[in-house]
Amino acid sequence: MSKSGSIPRKLLKMFIEDRNFALSIIVWVFAYWLVVPSMVASPAGQAVILFAGLGVILADSVLRQARR
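Numbering-wise, numbering that gives the first Met the number 0 puts 43 at position 44 of the sequence shown, and it's gapless, one number per residue.
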């Protein structure tokens, strides 16, 4: 049973090396989806906010990896 449980974990680890990075993206996209469309009317403004948030997440991940 332990071998069958380790296979999905190994597959997940193969595709997602940094869990915090992936989780941060999921949380940001969900928060964006809930809040931003009701606050910002223009699609261009919404795109800038989404892109900026993802950029901050990427920069944070790069800085964390550089410290290791």
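Note that CB positions come from ideal geometry on N, CA and C, so glycine has one too.
Computed from a predicted model, the values in this text were never measured in an experiment.
Here the C-alpha atom of I25 lies approximately 24 Å from the C-alpha atom of R66.
For D59, the uninterrupted alpha helix (DSSP H) segment begins and ends at P42 to R66. The shortest CA-to-CA distance from G52 to any of R8, S23 and N19 is the one to S23. Rounded to whole angstroms, V34 and D59 show a C-alpha spacing of 22 Å.
For V39, the three-state secondary structure derived from DSSP is coil.
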